[in-house]
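Student: This is the structure I have questions about; it appears just below.
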Amino acid sequence: MSDKSFVRTEMLGEQAPPLTEVGIVKWMRANLFSSVSNSILTLIGIYAIYYLASHLVPWFWYSIWNAGSLSECREIREAAYGDVPSACFAVITERWNQLLFGFYPQHLYWRPVLAFVLLFVALAPVLFNNLPRKMFIFSAIYPFLLVWLIWGGTIWGPMAVAAGFVVGWYAAKILGDRFGAIAAVGGGILAAIIWWMFLAGPIAGGLSSVLPIGIEAVTSKDLGGFMLSVIIGVTGIALSLPIGILLALGRQSNLFFIKSICVGFIEFIRGVPLITLLFTASLLLNYFLPPGTNFDIVLRVIIMVTLFAAAYMAEVIRGGLAALPRGQYEAADALGLDYWKAQQLIIMPQALKISIPGIVNTFIGLFKDTVLVVFIGLLDPLGLTGAIRATTEWNGIYWELFVFVGFLFFICCFSMSRYSMYLEQKLRTDHR
Amino acid sequence: MKKSVFIGALTAAGLAAGFASAGTLEDVQAAGSLKCGVTTGLVGFAAPDANGEWEGFDVSVCRAVAAAVLGDGTAVEFVPTTGQTRFTALASGEIDLLARNTTWTFSRDVDLKFTFVGVNYYDGQGFMVRKDLGVSSATELDGATVCIQTGTTTELNLADYFKSNNMSYEPVPIETNAEAQQQYLAGACDVYTTDASGLAATRATFEDADAHVLLPEIISKEPLGPLVRHGDDQWADIARWTLNALITAEEIGVTSANLEEMAKGTNNPEINRLLGTEGDLGGMLGLDAEWAKRAIAVGGNYGEIYAANIGEGTPIALARGLNAQWTQGGLIYSPPFR
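Residue numbers (my numbering), protein chains in the order written: chain A, 1 to 432; chain B, 433 to 770.
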């Protein structure tokens, strides 16, 4: 019997799993070819990628970065590679400073660059709350510094405008002590307006003639390129959030007058395309203002863009307010907080947190909308691509300029989007 | 600062309104610079170079007027305008002179209340096709797809032309010239139609320019010229006669090379009157005697400006054609300086 063993006495060694169940093959079977329809979609996808890559890769690979004109680009390519598709990025090499700064004087490029760097210093305490709170002082100064750095001229102009806020604040404080809150707000605003209308100009003029501290002035017509987009975008973003919050609160107000103004403003602006507002700013206003008035075109555009974004912002924030349970309002009342304290401590922190994706969405949209100024003849990056194409050297160049401008915008919008995701992560307090 | 300027300006509204009616010449001289409307970019006619300096055929008109009025051809504030904004910019006083390849038409002159001060370029609408299409005349274009810029007079001219010749066409609407180049090269349309100067400039950028031809037919009249607002005839005269001075200079042989020599006085009375050594033409305009000399000194006479910006020595290579002097069989003709 012992020679008739049919029971295996030794274990079989481990074998490699079948080819179809490991590594890349299994992954592909599971993810790419799990069914007939998936297989077809995969093949179509692969073909699409191949098709795009076969056109784009050589175009980028053979790109030429040093040439004086499009025809020179073509000659270089002909000599080096023969008849292949090739991008002529030489136009960027030659004109990048114009695409970034417009016609800003070249020896003053340090000023917008410095303003751009300082922008992040000013934004830092707003964006990250583990930084010293004293940095907010710089954030408050920054808008005036920005105007002075970009437009130049005497330092007393921005300072006189800044002083208006101080005047308004003191007027509000003095009136508030004697007559109460409403008088304080009204008096403060009135005092600031009186200061700006009648006193700021002469005082700035007087001071600059006595003590001429200033840097070389640059006019708005020299602003252009990506710098113009950033100026319009950043000012619009910075101003639209507070105005949007006020509008959203005003829309919920029990006071009929305030409520109707806010609703009317929001609905009017949202009902009108941005481009018509820009045409109004650039063309229609000229008929209302006296001839010869020099009301800065960039300032007009900033005002219009800000109003436009503020109306959208108000609705985004109203969405956040509507998402708060009624109990939160009642809890604030029960604690005996007044309206502004309740907003500041209980309502707004929650409503704004809920609204972050919508707010950033509006910011990104606003930033990209700045290129619409091309239609009123301002030379933003897209306007400059047209102007560059209009020179005999670069006439006929097309995609290279768009690729570069698109790349710049992508960097900005993508960073905004990533930051908003970081912020949502950080502020997540619920337990979903 | 800006806000105070704005509010201050608003309060001083009445004052400023009174001031502005003093006359464009005084305003320009007071400001020290000429606000001149140009295109946001058109090959050969107006474009900023790498340093932001505007140059081109229309730009030269601005510079010549600035030199005549202010004595400095660089004292120009160029205001880029689009097809939509150009007329409002001029009417509202944002610019003093519009030199933006604008076609002189009845309604623009009469209804929009502008004064065209002359013609600096006679253009006309033409067609460009691929050579291998085998078309030699626009009358053979029945059923063709045509790339056409929307909202321009070219669109209307095209419709008229095809209708009057009993032909049909398929329009491919496009927005800008750069877009049209892409569409045409990609084969989205058989024919590209726009002003002949624009077609020549576009064709010059093609890699194989020889594979494309301009058809002989010119289907419209497009006299392009600078214009000013109605109501200030002195200013219109200055712009008109500055342009005429450039044209006359070519006709009688005054160039940037011999300008200084001729300005010392010649035995040709018309040259002497033009350059201010005889008579007082400048004084009649409200300018000094050497106004025309300065205008010519900036970029040379009409022919030199033409040659430098769009002439046959440039990549655009436009022959003089209609824009030759009347003595050479063209239409460029200036009334006499007398």
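Even for Gly, the Cβ is constructed at its ideal location relative to N, Cα and C.
Going by beta-carbon coordinates alone, are S240/A and A310/A separated by less than 7 Å?
Tutor: Yes; because the gap between Cβ atoms is below 7 Å, this pair is in contact.
Student: Looking only at its own chain, which residues have a Cβ that is under 7 Å from the Cβ of F769/B, when we skip the five neighbours before and after it?
Tutor: Once the five neighbours on either side are set aside, the close Cβ partners of F769/B are T680, E702, R705, L706 and L713.
Student: For Q614/B, would you say it is in contact with chain A, using Cβ-to-Cβ distances shorter than 7 Å as the test?
Tutor: Cβ-Cβ to chain A under 7 Å: yes for Q614/B.
Student: What does the Cβ neighbour count give for G550/B, buried or exposed, with the cut at 16 atoms within 10 Å?
Tutor: Looking at its Cβ environment, which holds 16 or more other Cβ atoms inside 10 Å, G550/B is buried.
Student: What's the C-alpha gap between N676/B and D720/B?
Tutor: Looking at the two C-alpha atoms, the distance is approximately 17 Å.
Student: Exposed or buried, D665/B, counting other C-beta atoms within 10 Å across all chains shown (16 or more means buried)?
Tutor: Per the 10 Å Cβ criterion, exposed.
Student: Kindly list the residues whose CB is nearer than 8 Å to the CB of F295/A, restricted to its own chain and excluding five residues on each side of it in sequence; keep chain order.
Tutor: L285 and L289.
Student: Along the chain, where does the alpha helix (DSSP H) that runs through A440/A open and close?
Tutor: A query on residue 440/A cannot be resolved here, the shown segment of chain A reaching from 1 to 432 and no further.
Student: Extract the residue ranges of the alpha helix (DSSP H) inside the stretch 537-617 of chain B, only unbroken runs of 4 or more that lie entirely within it.
Tutor: DSSP runs (the alpha helix (DSSP H)) wholly in the stretch 537-617 of chain B: 538-542, 585-596 and 609-617.
Student: So which residues on chain A does T517/B lean against when the C-beta distance must stay under 7 Å?
Tutor: The answer, in chain order, is S282, L283, I376 and G377.
Student: Does Y47/A come out as helix, strand or coil in the three-state DSSP assignment?
Tutor: Y47/A: helix per DSSP, three-state reduction.
Student: Spatial neighbours of K435/B within its chain, please: C-beta separation below 7 Å, excluding the five flanking residues on both sides.
Tutor: The pLDDT assigned to K435/B is 44, lower than 50, so where the model puts this residue is not dependable; a value taken from the coordinates is nonetheless given after this. Closer than 7 Å at Cβ, skipping near neighbours: no residue.
Student: Measuring only from the beta carbon, is A310/A closer than 6 Å to any heavy atom that is part of the ligand MG?
Tutor: This structure simply doesn't include the ligand MG, nor any ligand for that matter.
Student: Excluding sequence positions up to five away, which residues of its chain have a Cβ less than 7 Å from the Cβ of M694/B?
Tutor: Closer than 7 Å at the Cβ level, and outside the excluded window around M694/B, lie V686, I703 and L707.
Student: Answer yes or no: does any C-beta atom of chain B fall closer than 7 Å to that of F288/A?
Tutor: Not an interface residue.
Student: Please classify Y435/A: is it buried, with 16 or more other beta-carbons within 10 angstroms of its beta-carbon, or exposed?
Tutor: Residue 435/A cannot be examined here, being either before or after the span of chain A that is shown, 1 to 432.
Student: Could you confirm whether any beta carbon from chain A is found closer than 7 Å to the beta carbon of G440/B?
Tutor: Below a pLDDT of 50, predicted positions are generally treated as unreliable, and G440/B, at 42, falls in that range; the measurement from the model is reported next regardless. Answer yes: the Cβ-Cβ gap between G440/B and chain A drops below 7 Å somewhere.
Student: Ordered along the chain, which non-local residues of its own chain (more than five positions away) have a Cβ less than 7 Å from that of P480/B?
Tutor: Cβ neighbours of P480/B beyond the five flanking positions: W486.
Student: Which residue from A462/B, P512/B, D504/B and Y624/B puts its Cα closest to that of L378/A?
Tutor: Cα-wise, what sits closest to L378/A is P512/B.
Student: Going along the chain, which residues of its own chain have a beta-carbon closer than 6 Å to the beta-carbon of T443/B, five neighbours each way excluded?
Tutor: With a pLDDT of only 41 at T443/B, under 50, the local geometry of the prediction cannot be trusted, and the value read off the model is given with reservation. Cβ neighbours of T443/B beyond the five flanking positions: none.
Student: Enumerate in chain order the residues of its own chain whose CB-to-CB distance from G157/A is below 6 Å, with the five nearest sequence positions on each side excluded.
Tutor: Correct list, in chain order: A204.
Student: Out of curiosity, what's the CA-to-CA distance linking V497/B and S766/B?
Tutor: So the alpha carbons of these two residues sit roughly 16 Å apart.
Student: Whose CA, out of L423/A, I213/A, F414/A and V218/A, lies closest to the CA of G365/A?
Tutor: For the residues L423/A, I213/A, F414/A and V218/A, the minimum Cα distance to G365/A belongs to F414/A.
Student: Which of helix, strand or coil does DSSP assign to P296/A?
Tutor: In the sequence as presented, Pro is not what sits at residue 296/A; that position holds Asp. Here D296/A sits in coil by DSSP.
Student: What does L474/B reach in chain A if we use C-beta pairs closer than 8 Å?
Tutor: Residues of chain A passing the Cβ test: A390.
Student: Quick one: list the residues of chain B neighbouring N395/A, beta-carbon separation under 7 Å, in chain order.
Tutor: Near N395/A (Cβ distances below 7 Å), the residues of chain B are V475, A633 and T637.
Student: In the DSSP assignment, the beta strand (DSSP E) including E14/A goes from what residue to what residue?
Tutor: Segment: none, E14/A is in no beta strand (DSSP E) and carries neither H nor E.
Student: Can you list, in chain order, the residues of the stretch 690-704 of chain B whose Cβ is nearer than 7 Å to any Cβ on chain A?
Tutor: Cβ contacts with chain A come from no residue of the stretch 690-704 of chain B.
Student: In chain B, what lies closer than 9 Å to Y447/A by C-beta?
Tutor: The requested residue 447/A is not part of the displayed model; chain A covers only 1 to 432.
Student: Run through chain B and tell me which residues come within less than 7 Å of E315/A, C-beta to C-beta.
Tutor: Residues of chain B passing the Cβ test: none, with the nearest at roughly 27 Å.
Student: Buried or exposed: which applies to W723/B, given that a residue is buried once 16 or more other Cβ atoms fall within 10 Å of its Cβ?
Tutor: It counts as buried.
Student: Output, in sequence order along the chain, the residues in the stretch 64-93 of chain A whose CB is closer than 7 Å to any CB in chain B.
Tutor: Residues L70 and R74.
Student: Please report the straight-line C-alpha distance between G473/B and G225/A, rounded to a whole angstrom.
Tutor: Straight-line Cα distance between these residues: approximately 15 Å.
Student: Compute the distance between the beta-carbons of A200/A and A160/A, then report whether it is under 7 Å.
Tutor: Yes. Within cutoff.
Student: Among T392/A, I303/A and V121/A, which has the Cα closest to the Cα of I243/A?
Tutor: Per the Cα distances, I303/A.
Student: Taking contact to mean 3 or more Cβ pairs, one atom from each stretch, closer than 8 Å, check whether the stretch 333-353 of chain A and the stretch 379-392 of chain A are in contact.
Tutor: No, they do not touch.
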